[in-house]
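Asker: Numbering (the working numbering), first residue to last: 377 to 817.
C-beta atoms are modelled at their ideal positions from N, C-alpha and C, and glycine is treated no differently.
Just dropping this structure here.
Set out below in structure tokens:
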């Protein structure tokens, strides 16, 4: 794609990078075939190619964001399916992230939108605030239909619908004592996941310990920054990245680490991008590259270990839902399915597995109508393979899909932990109970 950025614009390193990305695009349109919003809406401007044209015009001409640009960029899920499809290697993720930051700096959103975004950014990355918000959502659920009628009420209603009940935590040893130490890793405790489902990381820790891996979590580590990053709050995202880089670098230098383990694939995609995000920060650029190189999804790391065989009878039919951040963001496709098969599960691929479920961070709150349509499409495709269990590697997907199906949905690592001696995942109790009833009748 030909570009005509001014010399003054190209003083900005963000503009330099975006121009390089734009020049890589050859207008082929392959991306439209795999873009969820284009498939649903049929509008060229709701495809990656259409958004690229809008972003190019905005950045190249150094314009403030317009209402039209904001509308179509906001509809982008950042699922990155277009990047998997693109034959020219267009790095759409970095381009749309730049566009969102530019929108935040140059466009004044309507009041309701500003309040909603500010609330999400000030609650979701903070575990104590999120816990209080979930308790509040449970309290107001009986009046949800009246809330939906308020200005911005559709978004608040979506939040109430998605807000899960807080899960009781299974007993877990306070320390992380590896059985026959083979390595040492840090695990991202994160923000939302440690509140909504702390059993996921507990399962990962048990499984790693069982296979000789010592696990630590530096006390100063926090939210990875993904949630605010994709909302266009660039400085907040960089602050989160710097805090984590400092925490993990200290741990790495003092005690050594083989890897930084992430159990939420959305977080993993962002942490692996810290090197790019902090490339212009002289104090952090090299450290961030070092940290990004250590980040691994839990299944990516486990796949390299020699896992012990299952100690329980498995054989359940599992539909594996690959989160977009896993398959498109990190290009991790086969490892989770391979691990599940090693444990004796029958793994089924989901039709249209490359299409997003509609979760996408805060997307299912900000764009509830599109998100609901994508969820219905995803659940229909999952149910076609008639699974007993759904497995996924991202809490956002689990929450989104779980709200529309009665099939138990669990994190991949919970299944691996259970198969090798860990406790039964909460979601599977009713399934196994019904199976035992059938067997005894």
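When the Cα of residue 773 is compared with those of 503, 622 and 455, which residue comes out closest?
Answerer: Working through the chain shown from its first residue, we reach residue 773 at position 397. Nearest of 503, 622 and 455 to residue 773, Cα basis: 455.
Asker: Nearest by alpha-carbon distance to residue 799: which of 806, 790 and 638 is it?
Answerer: Against the chain shown, residue 799 aligns to sequence position 423. Ranking the options by Cα distance to residue 799, first place goes to 790.
Asker: Anyone know if the C-beta pair for residue 788 and residue 684 falls short of 8 angstroms?
Answerer: Here residue 788 refers to the residue found at position 412 of the chain shown. Here residue 684 refers to the residue found at position 308 of the chain shown. No; because the gap between Cβ atoms is not below 8 angstroms, this pair is not in contact.
Asker: Identify which residue in 641, 429, 688 and 665 has its Cα closest to the Cα of residue 677.
Answerer: Taking the first residue of the chain shown as 1, we reach residue 677 at position 301. It is 641.
Asker: Among 718, 396, 775 and 632, which one has its Cα closest to the Cα of residue 824?
Answerer: No information on residue 824 is available, as it lies outside the stretch 377 to 817 that the chain covers here.
Asker: With residue 499 and residue 509 assumed to form a contact (beta carbons below 8 angstroms), what rounded beta-carbon distance in angstroms separates them?
Answerer: The sequence position of residue 499 within the chain shown is 123, counting from 1. The sequence position of residue 509 within the chain shown is 133, counting from 1. About 5 angstroms; that satisfies the 8 angstroms criterion.
Asker: When you compare each of 469, 451 and 573 to residue 416 by their alpha carbons, which one comes out closest?
Answerer: Working through the chain shown from its first residue, we reach residue 416 at position 40. The residue with the shortest Cα to Cα distance from residue 416 is 451.
Asker: What are the boundary residues of the beta strand (DSSP E) that residue 696 is part of?
Answerer: As a first step, residue 696 is located in the chain shown; it is residue number 320 there, counting from the start. Note, residue 696: beta strand (DSSP E), 693-697.
Asker: How far does the beta strand (DSSP E) with residue 673 in it reach, from first residue to last?
Answerer: Taking the chain shown and counting its residues from 1, the one referred to as residue 673 is at position 297. Here the beta strand (DSSP E) through residue 673 covers 671-673.
Asker: Measure the beta-carbon distance from residue 731 to residue 672 and round it to whole angstroms, keeping in mind my assumption that it falls under 8 angstroms.
Answerer: Counting from 1 along the chain shown, the entry for residue 731 is found at position 355. Counting from 1 along the chain shown, the entry for residue 672 is found at position 296. That pair is no contact at about 26 angstroms.
Asker: Going along the chain, which residues of its own chain have a beta-carbon closer than 7 angstroms to the beta-carbon of residue 679, five neighbours each way excluded?
Answerer: Here residue 679 refers to the residue found at position 303 when the chain shown is read from its first residue. The answer, listed in chain order, is 711, 714 and 715.
Asker: State the start and end residues of the unbroken alpha helix (DSSP H) segment that holds residue 651.
Answerer: Working through the chain shown from its first residue, we reach residue 651 at position 275. Residue 651 -> alpha helix (DSSP H) spans 650-653.
Asker: Any contact between the segment 594-603 and the segment 613-633? By contact I mean 3 or more CB pairs, one from each, below 8 angstroms.
Answerer: yes
Asker: Using only alpha-carbon positions, find the residue among 719, 664, 698 and 705 that is nearest to residue 690.
Answerer: In the chain shown, residue 690 corresponds to position 314, counting from 1. The candidate whose alpha carbon is nearest that of residue 690 is 719.
Asker: Determine the extent of the beta strand (DSSP E) in which residue 480 is found, giving its start and end residues.
Answerer: Taking the first residue of the chain shown as 1, we reach residue 480 at position 104. No beta strand (DSSP E) holds residue 480; the alpha helix (DSSP H) holding it covers 468-482.
Asker: Does the segment 460-469 come close enough to the segment 405-412 to have 3 or more Cβ pairs within less than 8 angstroms?
Answerer: yes
Asker: So, are the CB atoms of residue 493 and residue 607 less than 8 angstroms apart?
Answerer: Counted from its first residue, the chain shown places residue 493 at position 117. Counted from its first residue, the chain shown places residue 607 at position 231. It is a contact, given that the beta carbons lie within the stated cut-off.
Asker: Check whether the segment 463-473 touches the segment 419-433, taking contact to mean three or more Cβ pairs, one atom from each stretch, closer than 8 angstroms.
Answerer: yes
Asker: I'd like to check one pair, residue 528 with residue 466: are the Cβ atoms closer than 8 angstroms?
Answerer: Reading the chain shown from its first residue, position 90 is the one you call residue 466. Reading the chain shown from its first residue, position 152 is the one you call residue 528. Not in contact: residue 466 and residue 528 (Cβ atoms no closer than 8 angstroms).
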